[in-house]
Structure formats: structure tokens, C-alpha cells
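Chains as they are written, first to last, in our numbering: chain D, 7 to 262; chain F, 337 to 677.
Cβ coordinates follow ideal geometry from the N, Cα and C atoms, glycine included.
These numbers were taken from a predicted model, which means no experiment stands behind them.
Worksheet: one structure, shown below.
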């Protein structure tokens, strides 16, 4: 119970930090809309309503992916610059439990981007999502948000050891769009890269979103998505201890 | 309690069976690599076998110039760095193997502007760290309130930290470090950059911690601060402890005689070299005070060096000449500037 309270309070305070930054707030508002606009303009050329719907759903997930991967990989660096990294590591709370509420605060910002993208597409491109099963569609969005948050959690844990790991987020942003099949069907990708797509939870989450929108069962996709997400969490918890020990051994916690 | 230089170790307060902090032959080497194609590796031995003990309730000072190994030593004691060799314990718990137990019983505060969430209020910063340090929810409100009172931030806790002055930030740091009522408190240059009034208030707060029975390890560059606050002091230079004792013992250790101060204008290095070999002179340090240079000459006990020193300054314009008792700063400067000591 106390642990839950700790996670909730830390989540709320970290969300406050994210919301109070005018510059980051501006980027969080504008970026997903720009990505969605670009995707819709490309697909609109073909004039195929199914393809436009495909792109609209994928564009919604793109925003979460971008906000999570970029922010999560810079999370530790931000703590480093603020001088708080050593303090949170020196706290008796496990480091992974320090990072978890921060990544979920970021995921909340990502969730906004889904809603904003859907509304933007509706307003600007007159794309009305035809969703057969709204509850499962919303569940799929939440699964996408949570599992991308867990992926961000894994990224931020691994980032503690390396000073320049913030660059990882930027490097993952665009390949992730392709590998997760947000705006390009996975069938178009070379078979060799498909295993990479399968180990990315958002691939399954966005499949779940599309299945529930089409009135098909999303449960298998969501189950795989959940399992992969749990895998991220387990790996992050395991690496968290080892990488912090490694950082203590190699004195990389305080480097700015 | 071993020291790197037993000849300079002086008497210290008796210790209980279990010291609050114990460091034994603590060493830390930093390794770095540079270059991509042809990598070159370098090693810096920042702490070279430091040993000391701090008794429960004692306020212990660790003094030394920049890069001497103070912060590295503290970081090993607070579990942020793993020693390359040697061992250390806090309240009987090993800092490498009993990490969580040590962390739950220590507080850590460092000087400077960083270490706080700028976009949160002072109160929210304290709430956040209360959660991370496991302060029971029912106690948090009262605990935060009393700490805000202690550090003089009551009424300002609702403001964002980005609007705080450096002194206010430092006081908030102290409050943060005390949230979980730690038994041992590590203060790494807490008064750096604080104005005199703020520094005085901070010293009063630190003295209050000792009065409450807390064990404190303090590093500082301000000798009067160490002199006023510390029960015992260790001077660290180039990663080694070169002296240890009470402030008075350190003063006597270095210069039992008096200190000669000579105001000069435009003294040259070759003149200083000449003065340093005057019989009875232990050290000559130049303090720049605007256009004025003050030669601080420490002498051997019983040596009369005034005339020989003034005689050696015949090419130099000389102002006021005075004598005074040695201060802790004299002792410190001599200890950290000695060659081959």
C-alpha cells in the first residue's frame, strides 16, 4: 500500500515537472500533430479510405512512440544535469521504482498525443475513425501506452550507465515508426527485420487497435503485447541493479 | 586508527566500540579511455589509502584543496562509488554490501545550485524525497513542517525552487537531507557560494545537528567554519590524509611559533625562494589583496625570523609588519603546500 502511494505521489510530481515546462509542453503538443499531418498528406494522395484509416490509427501511435523513446532516453541525462541523479540513486528506494513513475508520467503525455492526433485528423482531414468496438479500441490504446512506457522504462534504465545514451532515443524514433508498422504495413518490410518488429510491443498494440477498429478480436495481439511489455519490465528490473552497480564501479553517475 | 603518516597523527577523542563511520585503507582509482582508433587509457588514483574513524555524535571535518579526494571519499561512504580497494562502514554496515541499510540511515547534502527539481515548489521537492526515503505518510506533513521551520523556509515552501536564492536552495537541501531523520549526515561543501549571513545561519544549523546527537562529516574550504564547528579534522592532500586532530592540535602541530605577516608591493618569486631557505622559516605563502601582497611567514618554534626576512626583502617595497598567533588556515596552507610531506 505504501509502495503504491509512493508510486502515485512520485508519478504526480513528475507529471507536474513535465507539464510546467512551456518549451517541452509546446513540443509535446505540436510534434505529434506534425507527424500525423505528414502521414495523412502522404496517404491522402492515394485517396483510398481504408489506407487513410490505416494511417490515421498508426499516426496516433506514432506520437506515443516518439514522446516515450526520446524522453525516456534523455530522462536520466536530465536528472544528471539537474544534479538529482545521485540523490535518487542514493535513496533507499530501488532505482527502477524511482524511474517507473517518471516513465508513466511521460506515458501520460503520450496518451494525450493519441487523443490529439485523432481529433486533429478529424478536424483537418475529415477522417472519422470508424471503430466497431470502442471499449477494445480504448483498451488497445492503453496497452500501447503502457507497453511503450515500459519500453521507455527499459531504455531509461540502460541509459544510466552511458553518458551519451540520450542519442539512442533519437536514433530509435524513425526506425521504430517503420518496425512497429505504424504507417507502413509490416508485409512491406524485409523478412530479416520482422523479428525486430515482433519484439517491439507497440507492433502488437497497434495491431490490436486496428483489429478492434475493424470489429475483429484484438485479444491475441493484446496478450502478446502484454507479455512483451512484462518482458521489458522484468529486464529493466534485472538490469537496473546491475547497471547501477556498474555505474558505481565506473563512476558514471555524476558525469554531465 | 591508522593514518597515512603516523608521524603527524595527533591525539583524538576516544571512540566507542562501534564508530559511526569507519574507513580502512580506502582507495579509489578512476580509469578513462580516449581516442577511437588508438585508444589510450589513463588512471588517476584519487584516494590513496585513507583511514579514519568518526565517533557517534562527533562532527568531523575533512579538509583539503580541490581534487584532494574529499568528495570521492564521501561518495564511497554514501554508497555512490564502489572503492577500488579497502573497506568502509557506516554504523557498522558495509558500504558495498549493505547498501540499502546504509542509505536509509544517512543523509547527504552537497553545495551549489543543483540537486533540486527547479520546476517544483520547495514543498513538492520535500514531498518527493520523503517518498523516496520512505518517510511514513502520517509523519510527512509534521516532519516537513518542522524541517522548514528549522531551515527558515516556512512561508516560502509554496514557491518554485527556480525562484529561490542560493542560500534558500542550500537550506532546502539541508531539509531534504534530514527528512528521514538520518543518524549520520554527510555535508560536502554546504556553504559554498552562500553570503555571510546565510553561511552563519547554515553553521548554526549544522551546530544544531551535532547538539541533537547526529554524527556529521563536513568538508569545507572555509577554515573558520571548520575551526568553529569541528570536533576533529583530517587534512587530505593528493588522496592521502596528512594530518588529523582537533583544530587546536592541528594549529600546534604545524606552527607552535608565531606567524609573521609582511605587507609588500611587487615581490618577486626569486625573493620568495630566498626567504624560504632562511633558517627557522617553515613556509612562506603570498596572499594577494588588491595591489598589496601579504607574505605570511610561518616559523619554527622559538625561531626569530623577523630581521632575516626583512633583510631578504631589501629590493622590495615593504609596508606594515605584524605578528599574530597561527590560525587553522595557516596550519592548513602549510600542510597542503608542503612538498614531499
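{"Item": "Determine, using beta carbons only, whether residue 487/F and residue 510/F come nearer to each other than 7 Å.", "Value": "yes"}
{"Item": "Using 8 Å as the cut-off, can you tell me whether the region 574–588 of chain F makes contact with the region 415–429 of chain F, which would need three or more C-beta pairs spanning the two stretches below that distance?", "Value": "no"}
{"Item": "Are residue 611/F and residue 645/F close, meaning C-beta to C-beta below 7 Å?", "Value": "yes"}
{"Item": "Mind pulling the chain F residues with CB within less than 7 Å of residue 311/D?", "Value": "Absent from the model: residue 311/D. The displayed extent of chain D is 7 to 262, so no value can be given."}
{"Item": "Can you grab the Cα-Cα spacing for the pair residue 477/F / residue 466/F, in whole Å?", "Value": "10 Å"}
{"Item": "What runs of the beta strand (DSSP E), each 3 residues or longer, lie entirely inside the region 565–629 of chain F?", "Value": "568–573, 576–581, 595–601 and 617–625"}
{"Item": "Quick check: the Cα distance between residue 676/F and residue 609/F, rounded to an integer number of angstroms?", "Value": "With a pLDDT of only 48 at residue 676/F, under the threshold of 50, the placement of this residue in the model should not be trusted, and no figure is reported."}
{"Item": "Between the region 498–522 of chain F and chain D, which residues of the former have CB atoms less than 7 Å from a CB of the latter, in chain order?", "Value": "none"}
{"Item": "Using a Cβ-Cβ cut-off of 8 Å (strictly less than) and excluding sequence neighbours within five positions of residue 603/F, which residues of its own chain qualify?", "Value": "622, 629, 631, 649 and 652"}
{"Item": "Return helix, strand or coil for residue 256/D, following the three-state DSSP convention.", "Value": "helix"}
{"Item": "The alpha helix (DSSP H) with residue 163/D in it runs from where to where?", "Value": "140–165"}
{"Item": "Where does residue 406/F fall in DSSP's three states?", "Value": "helix"}
{"Item": "Using CA coordinates, which residue listed in 637/F, 654/F and 576/F is at the minimum distance from residue 385/F?", "Value": "576/F"}
{"Item": "Check the C-beta distance from residue 246/D over to residue 207/D and give it rounded, since I have them as a contact under 8 Å.", "Value": "19 Å between Cβ atoms; not a contact."}
{"Item": "Touch check for the region 52–72 of chain D and the region 132–151 of chain D: three-plus C-beta pairs under 8 Å?", "Value": "yes"}
{"Item": "Residues in its own chain within less than 8 Å of residue 348/F by CB, not counting five upstream and five downstream?", "Value": "Here residue 348/F scores only 42 on pLDDT, less than 50, and its place in the model should not be relied on; the value that follows carries that caveat. Taken in chain order, the residues that qualify are 337, 568, 580, 581 and 582."}
{"Item": "Can you name, in chain order, every residue of its own chain whose Cβ lies under 7 Å from the Cβ of residue 343/F, other than the five neighbours on each side?", "Value": "In this prediction, residue 343/F has a pLDDT of 37, which is less than 50 and means its spatial position is unreliable; nothing more can be read from the coordinates."}
{"Item": "Pick from 443/F, 412/F and 447/F: whose alpha carbon is nearest that of residue 430/F?", "Value": "412/F"}
{"Item": "Within 7 Å (strictly less), CB to CB, does residue 455/F reach chain D?", "Value": "yes"}
{"Item": "Taking 7 Å as the threshold (beta carbon to beta carbon), is residue 372/F in contact with chain D?", "Value": "no"}
{"Item": "Between residue 238/D and the rest of its own chain, which residues show a CB-CB distance below 6 Å, the 5 nearest in sequence each way excluded?", "Value": "156, 157 and 160"}
{"Item": "Counting pairs of Cβ atoms below 8 Å between the region 444–458 of chain F and the region 22–38 of chain D, do you hit three or more?", "Value": "yes"}
{"Item": "Using a Cβ-Cβ cutoff of less than 8 Å, which residues in the same chain neighbour residue 470/F once the five nearest sequence positions on both sides are dropped?", "Value": "440 and 516"}
{"Item": "Could you check the C-alpha separation between residue 44/D and residue 512/F for me, to the nearest Å?", "Value": "47 Å"}
{"Item": "For residue 473/F, which residues in chain D fall below 8 Å Cβ to Cβ?", "Value": "8 and 11"}
{"Item": "Out of 92/D, 71/D and 224/D, which has the shortest C-alpha to C-alpha gap to residue 349/D?", "Value": "Missing from the structure shown is residue 349/D; chain D here goes from 7 to 262 and no further."}
{"Item": "According to the neighbour-count rule (16 or more other Cβ atoms, all chains shown, within 10 Å of its Cβ), is residue 29/D buried or exposed?", "Value": "exposed"}
{"Item": "May I ask you to report which of helix, strand or coil DSSP gives residue 118/D?", "Value": "helix"}
{"Item": "Straight-line CA distance for residue 388/F to residue 545/F?", "Value": "21 Å"}
{"Item": "Have a look at 654/F, 618/F, 529/F and 391/F and flag the residue whose alpha-carbon is nearest the alpha-carbon of residue 519/F.", "Value": "391/F"}
{"Item": "Check distances from the C-beta atoms of the region 10–36 of chain D to those of chain F and list, in chain order, the residues that come in under 7 Å.", "Value": "11, 12, 15, 16, 19, 22, 23, 26 and 27"}
{"Item": "List, in order along the chain, the chain D residues whose C-beta lies closer than 7 Å to that of residue 451/F?", "Value": "89, 90 and 93"}
{"Item": "Strictly below 8 Å CB to CB, what residues from chain D border residue 415/F?", "Value": "96 and 254"}
{"Item": "Is residue 453/F helix, strand or coil by DSSP?", "Value": "coil"}
{"Item": "Could you name the residues that DSSP lists as bridge partners for residue 553/F?", "Value": "396/F and 522/F"}
{"Item": "Suppose the cutoff is 6 Å on Cβ atoms and the five residues either side in sequence are ignored; what does the same chain contact list for residue 447/F look like?", "Value": "525, 526 and 528"}
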